[in-house]
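Here is the structure we will look at, set down as structure tokens.
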Amino acid sequence: MRAGLGGRYRVERELGRGGMAIVLLAEDVKHRRKVALKVLQPDLALSLGAGRFLQEIAIAAQLAHPHILPLHDSGEADGLLYYVMPYVEGESLRDRLRRERQLSLADALQITRQVADALSYAHSHGVIHRDIKPENILLEAGHAVVSDFGIARAMTAAGGDELSETGIVLGTPAYMSPEQAVGGHDVDGRSDLYSLGCVLYEMLAGEPPFTGATVESVLRQQLTDQPPALTGIRAAVPEAVGAAVRRALAKRPADRFSTAVQFGEALSLPGPSAAPAGRGRVRAAFALGVAAVMAGTVLDRPRSLVHPAASVIAVLPLVPTAGDTSLARLGRDLVVTLSANLEGVGKIRTVDALTVLAQTQQSGPLALEQGAQLAGLLGASSVVHGAIARAGPKIRIDVGLFTTNGGDPIARASVTADPNDLTTVTDSLTSALLREVWRARAPPSPSLAAVTTGSLSALQAFLEGEHAALENRWNDAAQAYARAMRADSTFWLAYWRYAYARWWYLDAVDDAVLTPLHSHRFSLPQRDRLVFESWWTDTFSVALARAREAVDRYPDYWPGWMQYADWLFHVGPVYGHDKAEAQAALERTVALNPAFLPAWEHLLWATVPHDTAAAARALDALVRLGFGRAAIAEFGFDLTRVYRLDLQLSRSGTLDRPLLDSIAGDLVAVAHGRIGGGATLLRSQVELSRRVLRARPRVELATVHERLLADAWAGRGAWDSALVVAEQYARRPAADALEGYRLAVIGAWLGAVAPESAARQRAAPVLAAERPGLSAMWRAELAWLDGLLAVTVRDREALSAARSRVRHADTVTTPLLERSLGAFEEELAGARSRAARTLAALNWESPDLLAPGYNAHPYVIAVSRLAAARWLAAEGNTAEAARLLMWFDAAWALDGYRPARRVLGGLANLERARTAEMQGQTDLARDSYTEFLRRYDMPVPAHQHLVDEARVALARLGGHRMGEKNGLARP
138 MRAGLGGRYR VERELGRGGM AIVLLAEDVK HRRKVALKVL QPDLALSLGA GRFLQEIAIA
198 AQLAHPHILP LHDSGEADGL LYYVMPYVEG ESLRDRLRRE RQLSLADALQ ITRQVADALS
258 YAHSHGVIHR DIKPENILLE AGHAVVSDFG IARAMTAAGG DELSETGIVL GTPAYMSPEQ
318 AVGGHDVDGR SDLYSLGCVL YEMLAGEPPF TGATVESVLR QQLTDQPPAL TGIRAAVPEA
378 VGAAVRRALA KRPADRFSTA VQFGEALSLP GPSAAPAGRG RVRAAFALGV AAVMAGTVLD
438 RPRSLVHPAA SVIAVLPLVP TAGDTSLARL GRDLVVTLSA NLEGVGKIRT VDALTVLAQT
498 QQSGPLALEQ GAQLAGLLGA SSVVHGAIAR AGPKIRIDVG LFTTNGGDPI ARASVTADPN
558 DLTTVTDSLT SALLREVWRA RAPPSPSLAA VTTGSLSALQ AFLEGEHAAL ENRWNDAAQA
618 YARAMRADST FWLAYWRYAY ARWWYLDAVD DAVLTPLHSH RFSLPQRDRL VFESWWTDTF
678 SVALARAREA VDRYPDYWPG WMQYADWLFH VGPVYGHDKA EAQAALERTV ALNPAFLPAW
738 EHLLWATVPH DTAAAARALD ALVRLGFGRA AIAEFGFDLT RVYRLDLQLS RSGTLDRPLL
798 DSIAGDLVAV AHGRIGGGAT LLRSQVELSR RVLRARPRVE LATVHERLLA DAWAGRGAWD
858 SALVVAEQYA RRPAADALEG YRLAVIGAWL GAVAPESAAR QRAAPVLAAE RPGLSAMWRA
918 ELAWLDGLLA VTVRDREALS AARSRVRHAD TVTTPLLERS LGAFEEELAG ARSRAARTLA
978 ALNWESPDLL APGYNAHPYV IAVSRLAAAR WLAAEGNTAE AARLLMWFDA AWALDGYRPA
1038 RRVLGGLANL ERARTAEMQG QTDLARDSYT EFLRRYDMPV PAHQHLVDEA RVALARLGGH
1098 RMGEKNGLAR P
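Its first residue numbered 138, the sequence shown is counted upward by one per residue in the numbering used here.
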């Protein structure tokens, strides 16, 4: 395993083993965190096969829930299948049962309800666990977390009948439902409920409902016997709980609870209320007023603790005395603190404070009618509206809580306090409002210090950061959050906001911040925790699932929408998400925060060139919000002018040459900066880079633009020009010496460059290989390129030799490179169908695409997908081919992947057009042929037939849908 993992995980020791897997403690080298690495037994891995197993594992990786242990990674290493989950330093439920034997009623019910919540979520996503047992229930920071979700499903789907032949039985006899016990494969979620009933029975009784000396004895009892009544074993167990367990353990699935939600609700006895999820720090528990209950009586659920209209509250900035800027600032600070204090009390939910502040940033004070209308649009049922004024050395605040539908008053409160004591002001307002809306006995007394920080200086610095972030001053925001962290080293929300601000400022975040933040992520409000977990992981399926859950649970939370949009935009198409999904999520983000510059910039990228109206709206917003000034301060250059150049080309098919000259001149004149001036459209890039290079710029800028120009020429089909520029680039000391050979080999594989010409480009990297200090990863890619050139000339011996060199490179990316060449070797041997499946399997190993080091190989994934799509389409599997080709819509955040998108995007659209036409999708075929012609407008003679093919196809299908105005004409 150590050899196969290529340095990505450092294996430390064995944690345990069973009939199906060995569990290893390992270190995730990239993130410096402990993980549990589970390796399937070799015989089992052999019978399952990698491709389908990893495909099904990817489904499990989509699950994102507070009570489900996430799947970080999965893959194949030297023929062994493995998957990776977080290492939980707590204990399993089995460990606790060994120590205590029986749990208290409250603890047992809480654990069961949390597991039922996880099962409900998983079942709604079509995933059945099949092995619920105490060993798979981990106890982490007071939470029950279910592990190994979807593993049994993956094994069943991948192994089929072969799995039965290995003698492996999925499930554990003591917790196995009757339908599982007889070997049924088509079990549903009610089987998991039976297993959970067994676990609850054991927590209360001290042993499972059925025990025996042999497996056969236990399974027989599962099929035929009834367990002893819980109430007879333990008198403290209420009859209602005993009845719920009996129903869960019914022999016939139809006699059990239909859903996990029903099971959980049947166990919801009245009693103390736990602090609500997402509160951040734990509040002191408060007693709920409930009626006395006779034993055996089934109770109605208690009514809501607060006035119905107070269920979702939006807190608006308080209106200050005219001209008093310090009071205006305090009125906005209270939006943050009062929202945080009310969130979760009696199941109150508050509209995200940052969204409210973003919506009111430019509007000035809102009258009640306007405020209620805004709050209603944000999903609130009521709104806090009021005024703030000075009263001598103190301040007086008068607020009301009003319905959003009609503005009817629900509660009123007045507070006089020291303006410098924000914590007391917030707590006093919170308590006064709760007294008016609480429907039980005395309301609780929430403490802002418990939710945020007990340090006033930390709170003030944090609020400064919040306001700076809303104004897109990310560096200022990060500095303010850092001051908050220094004032209170346990203020975890400040840690998260600091990381978020550094991220948007394009700066790295130190592990000294990230590691403790990850360890204390459950201290964050749930909306922030979900976004952090999405941001933290390098597994896309987990990242997207966390972000999706954030926007589903908190639809008013614009950072959640931006996180969701960001993943969809940069990586989503790799996994079958249409680019329109990213555009829709970005539109939602700017609707919630109209001043958020990164969202407008992403929206512009997402819409040029196919939706020029949306792109123009995004550019206008960037200009209006001062993005040009911010870009000059951050990068040394006004990016909006490059965006204007691309937009003009998209609209008219022409380039503004004076604007080009001006942009190039400014780029050359800037003595420093963090950006080279890359354009979105290839024609813009060619003209801009040629002007920059003619001006003989500084070496760093020349190096950037030679690379950009080479890629742009190749992307337009001018491979001869591309190779000339790439050869110049490769000779620069700071350049990647592989680039000339890399482009030449890709061109040869595509049939645009003569193989002998590509072979001559190998001299530069061979000479560079003699330099000391070159990475093994660089040498591995050289071997991969040699292999791809061998594929081009159908030289199986040379391909085998190249594959051997890759195999011995021993890098984190070796498995990807080696398997890619292995598939091409299969194709040369005549096994094209198997080769297509091998390459397509890489699509399911989602962690590979985001893993450390894969950024170093620009073309491996792109070539593998393009080849697999061609082969699959040829054998009629157009659906899988189409999904593979969506890769080229992904606007990769990782720099290393961008060249492949620029160079191969046009040809990928040609393949997509062919596939869509085979599927009868005429509109998609026309759009894709049109996009190919727009991109690939200067083909070398060897590729002129491709352009002719596209033009004929368009005529056959009814002509361009996007039209010549989008720049289709050859310049």
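Just so it is clear, CB atoms sit at the ideal spot from N, CA and C, and this is done for glycine as well.
Does the distance from the C-beta atom of V488 to that of A451 stay below 8 angstroms? yes
Output yes or no for whether 8 angstroms exceeds the beta carbon distance between V176 and L217. yes
Less than 8 angstroms between CB atoms is the rule here; does R931 satisfy it with respect to chain D? The chain labelled as chain D is not found in the depicted structure, where only one protein chain is given.
Just mark K167 as buried or exposed, buried being the case when its beta carbon has 16 or more other beta carbons within 10 Å. exposed
Supposed close pair P203, H280 - CB separation, criterion 8 angstroms: 7 angstroms
Cβ-based neighbour list, E864, same chain, cut-off 6 angstroms, excluding 5 preceding and 5 following: G877
Work out the CA separation of A900 and R778 for me, nearest whole Å. 40 angstroms
Based on DSSP bridge pairs, tell me the residues matched to Y219. V176, G212
Where V91 and G483 are concerned, what is the direct C-alpha to C-alpha distance, given to the nearest angstrom? Past the edges of the chain, shown from 138 to 1108, lies residue 91, and the structure says nothing about it.
Rounded Cβ spacing between L729 and W698 (contact assumed at less than 8 angstroms): 6 angstroms
Enumerate, from N- to C-terminal direction, the unbroken alpha helix (DSSP H) stretches of 4 or more residues contained entirely within the stretch 931-962. 933-944
Going by other Cβ atoms of all chains shown within 10 Å of its Cβ, with 16 needed for buried, is I797 buried or exposed? A small fix is needed here, since residue 797 is Leu in this sequence, not Ile. With 16 or more other Cβ atoms within 10 Å, it is buried.
May I have the straight-line CA-CA distance separating L571 from T1059, to the nearest angstrom? 59 angstroms
Can R969 and W1024 be called in contact, C-beta distance under 8 angstroms? no
Could you tell me which residues DSSP puts in a beta bridge with D165? Y146, R170
Please state whether DSSP places D470 in a helix, a strand or coil. helix
With distances taken between CB atoms, is the gap from L341 to L367 smaller than 8 angstroms? yes
Among all the DSSP beta bridges, which residues are the ones paired with K388? Per DSSP, none; premise fails for K388.
Would you say T744 and D783 are within 8 angstroms of each other, going by their C-beta atoms? no
Name the DSSP beta bridge partners of I159, please? R154, V176
Would you mind sorting A1092 into buried or exposed? The rule is 16 or more other CB atoms within 10 Å of its CB. exposed
Please classify G417: is it buried, with 16 or more other beta-carbons within 10 angstroms of its beta-carbon, or exposed? Caution is warranted here: a pLDDT of 34 is assigned to G417, below 50, making its placement in the model unreliable, and no coordinate value can be reported.
Does the Cβ of G263 lie closer than 7 angstroms to at least one heavy atom of the ligand HEM? The ligand HEM is not among the ligands present in this structure, which contains no ligands whatsoever.
Excluding the 5 residues flanking E670 on each side, which residues of the same chain have their C-beta closer than 7 angstroms to its C-beta? R658, R683
Which first and last residues belong to the alpha helix (DSSP H) in which K716 is found? 716-729
Near N1046, which residues of its chain fall below 6 angstroms by C-beta distance, leaving aside the five closest residues on each side in sequence? S1065, E1068, F1069
DSSP state of V248, grouped into three classes? In the sequence as displayed, the identity of residue 248 is Ile instead of Val. If DSSP states are grouped into helix, strand and coil, I248 belongs with the helices.
Tell me the rounded alpha-carbon separation between R833 and A859. 19 angstroms
From what residue to what residue does the beta strand (DSSP E) around S500 run? It is not in any beta strand (DSSP E) - S500 carries neither H nor E in the DSSP assignment.
Taking C-alpha atoms, which residue in E608, V521, R781 lies nearest to T791? R781
Only counting the same chain, and skipping five residues up and downstream in sequence, which positions put a Cβ closer than 7 angstroms to that of L505? H522, F539, G544
Answer yes or no: do R943 and L954 have a C-beta to C-beta separation smaller than 8 angstroms? A small fix is needed here, since residue 943 is Val in this sequence, not Arg. Their beta carbons are under 8 angstroms apart, which means V943 touches L954 by this criterion.
Please work out which residues of its chain come closer than 6 angstroms, Cβ to Cβ, to S551, disregarding the five sequence neighbours upstream and downstream, and give them in chain order. D535
Check each candidate in E771, Y219, D210 and name the one with the smallest Cα separation from M157. Y219
Whose CA, out of E1017, G773, D165, lies closest to the CA of Y1142? No statement about residue 1142 is possible, as the shown extent of the chain runs from 138 to 1108 and does not include it.
Whole-angstrom C-beta distance between A638 and W611, which should lie under 8 angstroms: 5 angstroms
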